[in-house]
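Oh and the sequence shown: position 176 is 1199 in my numbering, straight run, nothing missing. All C-beta atoms, glycine included, are put in the ideal place defined by N, C-alpha and C. Shown next, in structure tokens, is the structure this report addresses.
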Amino acid sequence: MTTTGTDRARPSLLRHRPYWRWSAATQFSRLPGTMAPLAFTALTTTTTGSYRAGAMMMVAFVAGQLAVSIPVGRLLDRTAPSRGLRRLLWCSAGTALAVGAAARVGVPVWGLLVAAGVCGAAAGGLSAGFRTLLARTVPEELLLRAVGVDATLLEVVIIAGPALAVASAGWSPWAPVVGMAAAFVISSLVLPVGTPCATGTEGESDAGAEPIDWFRTLGWLACLFTIGQLLAAVEVGALPLAARLTEPEGRAHHHTAASLIAVLAVASILGSTLFAWRGRATTALAVLCLSGLAAGGAVVAFGDGWFPLVGGLVLVGSCTGPLRAVSSVNLQRVLPRARRSEGFSVAHVVQTVGFASGSLGLGALDLDTAIALGAGSAVASAVCLWVTSPGPAFRRRPR
1024 MTTTGTDRAR PSLLRHRPYW RWSAATQFSR LPGTMAPLAF TALTTTTTGS YRAGAMMMVA
1084 FVAGQLAVSI PVGRLLDRTA PSRGLRRLLW CSAGTALAVG AAARVGVPVW GLLVAAGVCG
1144 AAAGGLSAGF RTLLARTVPE ELLLRAVGVD ATLLEVVIIA GPALAVASAG WSPWAPVVGM
1204 AAAFVISSLV LPVGTPCATG TEGESDAGAE PIDWFRTLGW LACLFTIGQL LAAVEVGALP
1264 LAARLTEPEG RAHHHTAASL IAVLAVASIL GSTLFAWRGR ATTALAVLCL SGLAAGGAVV
1324 AFGDGWFPLV GGLVLVGSCT GPLRAVSSVN LQRVLPRARR SEGFSVAHVV QTVGFASGSL
1384 GLGALDLDTA IALGAGSAVA SAVCLWVTSP GPAFRRRPR
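As structure tokens, then:
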């Protein structure tokens, strides 16, 4: 069989070098965030004797990210994304080292909280900036698969970050924060400098640009909120879920909780991989994934025994990756080109608030109710997505 000129010209993600440079830079930029909880805990346990100070540092880190994420996103819309990202990465590396130095010289806890907040603020716009840069790095026909592959790699980073922090902390309590800084530097070095698929002018001003249609983004933002809320409720609640299956005392349920989280992570990796291979960014698929999250969350909340619990976790995990990818691709389609970083910053904030609400639900409610709220959020998001979708009954204006 001969190969036609069309087949030769068909783009391939596997051979798309700018994408893989973008992916490497993105994964290294994500590592510090997944390392931070254990890095801060190891730091404060050594210097102050309290792991709770490390937990408060993580709260300050996230608060710093949320405080500046949207303003930094707007700033990135006014400059070349790669140039702005490189500056943010170097600032993030410097602030991570400053956190370690502050702990080393004996700065009091309030000073460590300020340092952690500044470190989070320096990294606040990275997520939106990298997602905007992806749209300028790969052609439209490769975007869906690129986002699907990235969702798979994200799950790997979520597992690798804490493992790397634990391994480096065994060598030195300051090693994890040094590793965070090194990851930011490596990310800046492998960041692609060109955006071969960009159309228009880099760094175009948002003055006079089309405003963001927040109504049309509402359904996709609701999907991201649901992912955060349900995953937080399940992951943070893994220990009490495990206690239902093992003896209430002893360490057996700690190992069981780790196994449950591993099941969730593996299911998410497999779901994202399958989506990257065959998935399509349709509203119908998003509603199907939300239905899977609702059913899986309900089974986890009210199921009794190993089989329902593991089955529910597999269902939740296998739906999160595809839903995240579909939401990301459709948000890009809705957002004006000159406002994408701002829009993706809002999406990052919404998903982070979802994680916070899931954790807060576990603190204020019983386990079953907190997880059931996440499942109910999936139903509400499906309704919101249907109402805000650009179907004939709800089309606000022709595209």
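- Around Ala-1183, the same chain offers Leu-1054, Thr-1057 as residues with beta carbons nearer than 8 Å, after the five sequence neighbours per side are excluded.
- Around the beta carbon of Leu-1136, 16 or more other beta carbons lie within 10 angstroms, which makes this residue buried.
- Ala-1083 and Ala-1065 have their C-alpha atoms spaced approximately 16 Å apart.
- Its chain contains Leu-1241, Gly-1242, Ala-1245 as the residues whose beta carbon lies nearer than 8 Å to that of Cys-1407, once the 5 sequence neighbours on both sides are disregarded; these appear in chain order.
- Counted as a single uninterrupted DSSP element, the alpha helix (DSSP H) harbouring Trp-1409 occupies residues 1390-1411.
- DSSP, read as helix, strand or coil, puts Gly-1072 in coil.
- C-alpha of Arg-1044 to C-alpha of Val-1213: approximately 6 Å in a straight line.
- The region 1303-1312 and the region 1390-1397 do not touch, with fewer than three beta-carbon pairs separated by less than 8 Å.
- Judged by DSSP in its simplified three-state form, Ile-1284 adopts helix.
- The region 1142-1151 and the region 1097-1117 touch, with no fewer than 3 CB-CB distances between them shorter than 8 Å.
- Judged by DSSP in its simplified three-state form, Gly-1123 adopts helix.
- Phe-1325 and Val-1337 have their C-alpha atoms spaced approximately 15 Å apart.
- For a cut-off of 8 Å, the C-beta gap from Ala-1059 to Met-1203 is around 7 Å, short enough to register as a contact.
- By the CB criterion at 7 Å, Thr-1070 and Ala-1126 fall inside the cutoff.
- Short of 6 Å from the beta carbon of Ser-1052, and not among the five residues preceding or following it, lie these beta carbons of its own chain, in chain order: Leu-1149, Ser-1210.
- Less than 7 Å separates the beta-carbon of Glu-1178 from that of Ile-1292.
- For Trp-1133, the enclosing alpha helix (DSSP H) starts and ends at 1132-1145.
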